[in-house]
Structure formats: C-alpha cells, structure tokens
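*Asks:* Numbered according to this note's numbering, the sequence shown spans residues 21 to 191.
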Amino acid sequence: MKVLVTLTEQELEEAALGGVRRRIDAIKNKRRPNQPNRPDHEQHWWESDIMGAIGEFAVAKALGEQWRPTIGDVRQKDVGDFEVRTTQLPQPVLRFRSHNDPQSKYILCSYKGNQVLIQGWLPGHTIRALGYEAFENCWVAGVDQLYSMADLNAEIEWSDTVRPYGHARAR
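Below, the structure written as structure tokens:
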C-alpha cells in the first residue's frame, strides 16, 4: 500500500522554507556533498534540500508527527525513527549510501506539485542487499522492491488529505 498526501499551501510553504533554511545552514557550516567529486552545478543543492523537506513534511503529516527540519543537527532522524528520501524522477528509486545507517528504515517519496506519494520503505541493509550499486558507494532499490506502508511499524493518520493510494503504477 502507498499513501498519497496532499499539502495545503501553508504546509507546502512551511516545508519549503525549512528546506531553504537547511541549505543556508549547510552553506554556513561548509557541509560537504554526498558526491564530492561531482561538479557543483550537478549537485542540485537547493532542489534537494527543498524537495527533501517537502517529503519529510508529508511523511510527518501522514504519521501524525510534528515535523522538525534537520537544521544544525544532521544526525537526527528525518521523521520519528525514519529517514525520508524524496524524488521527482519518473522512475523513483530509494538510495542508500555507504555513510548511511544500515539499521535505519528509509521511506521513499515521489513529489509533484502539492502532492507527495509515499511509495514504501526498506531498511538500509536491505536496500544494499536487494538493490544494485548505481555508482560508487550508492545502492538503489526500485519501487517494486519496497515494503508496503501498511507494514511500517507506525500508525498512519488517515484524513481527506492523507489517503491510501492503490495504483501499482509510478506517478
């Protein structure tokens, strides 16, 4: 089962501003990229931080959690005990890098407009075991390999803006 979260204009703005603040904090603290050998113009810094924050906000909303943007403390989990990865790719994949915690649970979100489709989840060690190494120290698992959100050890708070999404196709 997947979960479709629709964000209000206010929620979208709050999440996006959290992503902007995260990017500014990273600049201030000279945080290094995941792929230091990649040129800066390929890093997509702002897009990654803002889109990531929007995905985290949507997962927090679905789980009834207060969203706390990871500004200043990059060691905290994204939402509760979970790490969130968000993409706009038409064929979304869940990424796990060698510096990530293999015991953590990673949730994959697809983002478009004001909607976030929570695709599913996997533990880090499972992404590495089931997935393939897309590039050095980065393993990916496809949507068809993810565990259902119904199997996540967390309660989903259903509402008119948090709904089950039953289609098997990617957005």
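A virtual CB, placed ideally from N, CA and C, is assigned to each residue, including glycine.
#1: Would you give the residue range spanned by the beta strand (DSSP E) that R105 belongs to?
#2: If you run the structure through DSSP and keep just helix, strand and coil, what is R41?
#3: Please tell me whether K97 and V25 are closer than 7 Å, where the distance is taken between their beta carbons.
#4: Given Y126, which residues of its chain have a CB within under 7 Å of its CB, disregarding the five upstream and five downstream residues?
#5: Run through the DSSP bridge pairs and tell me what E153 is partnered with.
#6: What would DSSP say about W178, mapped onto helix, strand or coil?
#7: Can you check which of these residues, W66, P89, L128, N57, is closest to F77 by C-alpha distance?
#8: When the Cα of R43 is compared with those of G92, E31, L27, which residue comes out closest?
#9: Can you tell me the Cα-Cα spacing of R191 and S130, whole angstroms?
#10: Can you have a look at N120 and say buried or exposed, based on whether 16 or more other CB atoms are within 10 angstroms of its CB?
#11: Express the C-alpha separation of P112 and D164 in angstroms, rounding to a whole number.
*Replies:* Quick look at the numbers:
#1: First-last of the beta strand (DSSP E) with R105: 102-107.
#2: Helix.
#3: No, Cβ-Cβ distance for K97 and V25 is not below 7 Å.
#4: Around Y126: E103, R105, L114, F116, W141, L142, G144, I147.
#5: According to DSSP, which records beta bridges pairwise, E153 is partnered with W159.
#6: The three-state reading of DSSP puts W178 in coil, since its state is none of H, G, I, E or B.
#7: Among W66, P89, L128, N57, the Cα nearest to that of F77 belongs to P89.
#8: Selection G92, E31, L27 evaluated against R43 yields G92 as nearest (Cα-Cα).
#9: In this prediction, R191 scores a pLDDT of 40, lower than 50, which makes its location untrustworthy; the coordinate-derived value is nonetheless stated afterwards. Looking at the two C-alpha atoms, the distance is approximately 7 Å.
#10: Buried.
#11: Distance between the alpha carbons of D164 and P112: 10 Å.
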